[in-house]
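Taking it in order: structure first as structure tokens, then the write-up.
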Amino acid sequence: MEASLLLALVLMATPCVLGASPGLAARITNQGLEYVAAKGLEALQKELYTITLPDFTGDFLKKGHYEFHSLSVQSCELRHSALTPLPGQGLSVSISDSFFSVQGKWKIRLTFVKAQGSFELQANGISISFTLLLGRDPSGRPTVSATTCSSHIRDVDVDMPGSLRWMLGVFHDYIESKFRRETESKICEMVQNSVTSDLQPYLQTLPVTAEVDSFASIDYSLMEAPRATDRSLDVMFKGEFFNPGHRSPVPFLAPAMSFPEEYNQMVYFTISDYVFNTASLAYYKAGYLNFTITDDKVPPSSNVRLTTQSFRAFAPRLARKYPNMNLELQGALASAPVLTFSPGNLSLAPQIEIEAFVLQPSSAKEPVFQITVATNISAMMTFSNNKITGFLKPGKIQLELKESKVGVFNVDFLEALLNYYILNTLYPRVNEKLAEGFLLPLLNHIQLDDLVLHIHKDFLSLGANVQYLKD
Numbered sequence: 017m018e019a020s021l022l023l024a025l026v027l028m029a030t031p032c033v034l035g036a037s038p039g040l041a042a043r044i045t046n047q048g049l050e051y052v053a054a055k056g057l058e059a060l061q062k063e064l065y066t067i068t069l070p071d072f073t074g075d076f077l078k079k080g081h082y083e084f085h086s087l088s089v090q091s092c093e094l095r096h097s098a099l100t101p102l103p104g105q106g107l108s109v110s111i112s113d114s115f116f117s118v119q120g121k122w123k124i125r126l127t128f129v130k131a132q133g134s135f136e137l138q139a140n141g142i143s144i145s146f147t148l149l150l151g152r153d154p155s156g157r158p159t160v161s162a163t164t165c166s167s168h169i170r171d172v173d174v175d176m177p178g179s180l181r182w183m184l185g186v187f188h189d190y191i192e193s194k195f196r197r198e199t200e201s202k203i204c205e206m207v208q209n210s211v212t213s214d215l216q217p218y219l220q221t222l223p224v225t226a227e228v229d230s231f232a233s234i235d236y237s238l239m240e241a242p243r244a245t246d247r248s249l250d251v252m253f254k255g256e257f258f259n260p261g262h263r264s265p266v267p268f269l270a271p272a273m274s275f276p277e278e279y280n281q282m283v284y285f286t287i288s289d290y291v292f293n294t295a296s297l298a299y300y301k302a303g304y305l306n307f308t309i310t311d312d313k314v315p316p317s318s319n320v321r322l323t324t325q326s327f328r329a330f331a332p333r334l335a336r337k338y339p340n341m342n343l344e345l346q347g348a349l350a351s352a353p354v355l356t357f358s359p360g361n362l363s364l365a366p367q368i369e370i371e372a373f374v375l376q377p378s379s380a381k382e383p384v385f386q387i388t389v390a391t392n393i394s395a396m397m398t399f400s401n402n403k404i405t406g407f408l409k410p411g412k413i414q415l416e417l418k419e420s421k422v423g424v425f426n427v428d429f430l431e432a433l434l435n436y437y438i439l440n441t442l443y444p445r446v447n448e449k450l451a452e453g454f455l456l457p458l459l460n461h462i463q464l465d466d467l468v469l470h471i472h473k474d475f476l477s478l479g480a481n482v483q484y485l486k487d
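The sequence shown begins at 17 in our numbering and counts up one residue at a time.
Right, dumping it as structure tokens:
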């Protein structure tokens, strides 16, 4: 059922203050629920055309017998629907003021009279109501079940065209009352089947873990069952990056987040710095930003070469001890960079440890000095194609000599070389990865539009409208 319904959108939502400290949370507002209800109504209307109505048989006037068979829905209109949160339970679904018409064939036998023909039937004033209970399975995926279903048909009109219409009066009450009872029961059966066979599998398309690349995956499991409040449906996700080959506990907690009191868009997301900092930790542990610089990677136009000869004026002892030898710089982050959120601003201050080695003729590498490179970086965050993407803006680097085995020397002359490498190699590499981004935990066929992003202390908030795009 195409209605796999967007009802599943219901699984994107957090309460005003998220005490459980998820990394990522989402909220679908009443406006969003109205959209879900409208799409669900369209899908249910299509579903009614496929409903299999049972044959109706029975006796009347002691010796009479009737049979209505080959029933098919000819037209259907579901006019009003509502999807409202039930605090502490889930969602209440109601459909009212609807009708559908059916065509079929009939047979009757009364004493010595036998007759058959076609008929048309219209059911008016149809109302359906049921509750969707939302939960969480052990894997962290959402679950849904339908309970307390009831349906009611206000009246049923049967019409038999042709000369045999007079026979309708003989068993009119029998057929209409039985059709009403059977159809009311069939509608609730259809709702149960649709939730079990269509909606629940659709909810399984919500990712619990998603592979980002060979270095990292992300955990989108639900931390608890979705929460219904009087104005929204809220869901909390773990939102944690981890190394797929070796997952270890994260040594910090997600900060508390809150939603602004806004309900004018369908969906709101909050994404804490925890998500990005667990990503930073995963890539740091994987050694993603470790690098090696040798002289063949230095541009030919550079005045500074990675040779002891080039260092002669700045480190005479190095040149004397290791004449005419090449150098190699090995760099690694001193620790996982921490992304800091403050109102309207994203920043981080990574520190890189670089160790220099002399490449001896024997191919041995002898350590000669260590320097620390520090910088302040501003970051931009964007959302496109349901992805979170980013971009780093470089800041000025600062070099400091940490240890030297060849005497004290001025490291400032290395600044140009390292600036060149960081700006032209390291930043592009990181920004290329950030441009790939990672997907928000969305169900299949869901597209976000009209995005509005705000940066707060410790977290981002994103408001959006939703479209259901079925292939």
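Heads up, the beta-carbon is just placed ideally off N, CA and C, and yes, glycines get one too.
So which of the options has the shortest CA-CA distance to residue i?
i	options	result
residue 221	475, 466 and 462	462
residue 129	152, 136 and 81	81
residue 218	159, 228, 197 and 244	159
residue 57	40, 114, 76 and 365	114
residue 166	79, 380, 201 and 304	201
residue 294	136, 313, 425 and 267	267
residue 143	95, 79 and 105	95
residue 76	118, 86 and 192	192
residue 124	133, 117 and 69	133
residue 50	342, 283, 70 and 456	283
residue 90	79, 68, 107 and 439	68
residue 212	428, 476, 307 and 148	148
residue 308	317, 316 and 322	322
residue 465	330, 475, 150 and 479	479
Below 8 Å on the Cβ atoms is my guess for residue i versus residue j; work out the distance and round it to an integer in Å.
i	j	result
residue 253	residue 298	17 Å between Cβ atoms; not a contact.
residue 415	residue 443	About 17 Å; that fails the 8 Å criterion.
residue 361	residue 471	6 Å
residue 3	residue 53	No information on residue 3 is available, as it lies outside the stretch 17 to 487 that the chain covers here.
residue 383	residue 421	7 Å
residue 395	residue 369	Not really, about 22 Å apart at Cβ, beyond 8 Å.
residue 172	residue 137	6 Å
residue 40	residue 357	In fact, because the Cβ distance is near 14 Å, the residues do not count as touching under 8 Å.
residue 199	residue 139	6 Å
residue 453	residue 403	4 Å
residue 345	residue 355	With 8 Å as the limit, residue 345 and residue 355 do not qualify as a contact, their Cβ atoms being about 26 Å apart.
residue 164	residue 135	At roughly 34 Å, the Cβ-Cβ gap does not stay under 8 Å, so residue 164 and residue 135 are not in contact.
Can you list, in chain order, the residues of its chain whose CB lies under 8 Å from that of residue i, leaving out five sequence neighbours each side?
i	result
residue 155	224 and 237
residue 247	45, 46, 101 and 279
For residue i, which residues in the same chain have their Cβ closer than 6 Å to its Cβ, ignoring the five residues on either side in sequence?
i	result
residue 451	405
residue 352	296, 297 and 300
residue 84	72, 120 and 122
residue 386	371, 418 and 419
residue 21	At residue 21 the pLDDT is 35, less than 50, meaning the model places this residue with poor confidence and gives no usable figure here.
residue 168	143
residue 208	162
residue 270	37, 39, 288 and 290
Tell me which same chain residues have a C-beta within less than 7 Å of the C-beta of residue i, skipping the five on either side of it?
i	result
residue 33	Any reading at residue 33 must be qualified, since the residue scores a pLDDT of 39, below 50, and its modelled position is unreliable; the value itself is stated next. Correct list, in chain order: 272 and 274.
residue 29	Interpretation of residue 29 is limited by its pLDDT of 34, a score under 50 that renders its predicted location unreliable; the figure taken from the coordinates is listed afterwards. Around residue 29: 42, 43, 44, 242, 248, 249, 250 and 251.
residue 24	Low confidence applies here, because residue 24 scores a pLDDT of 39, under 50, leaving its location unreliable and the question unanswered by this model.
residue 31	Below a pLDDT of 50, predicted positions are generally treated as unreliable, and residue 31, at 33, falls in that range; no measurement from the model is reported.
residue 437	309
So who's on the other strand from residue i, going by DSSP bridges?
i	result
residue 85	121
residue 45	248
residue 409	394
residue 73	83
residue 563	Given a span of 17 to 487 for the chain in the structure shown, any question on residue 563 remains unanswerable.
residue 50	None; residue 50 has no bridge partner.
residue 378	In the DSSP output, where bridge partners are listed per residue, residue 378 has none listed.
residue 363	356 and 394
residue 472	475
residue 92	116
residue 404	399 and 454
residue 101	107
residue 343	374
residue 483	463
residue 235	225 and 256
>> If we require 4 or more residues per run, which alpha helix (DSSP H) segments fall completely within the region 264-328?
In response: 289-301
>> Extract the residue ranges of the beta strand (DSSP E) inside the region 103-184, only unbroken runs of 3 or more that lie entirely within it.
In response: 106-126, 129-152 and 158-175
> Considering only residues of the region 441-469, which uninterrupted alpha helix (DSSP H) runs meet the minimum length of 4 residues and lie entirely inside it, listed in chain order?
Replying inline: 443-452
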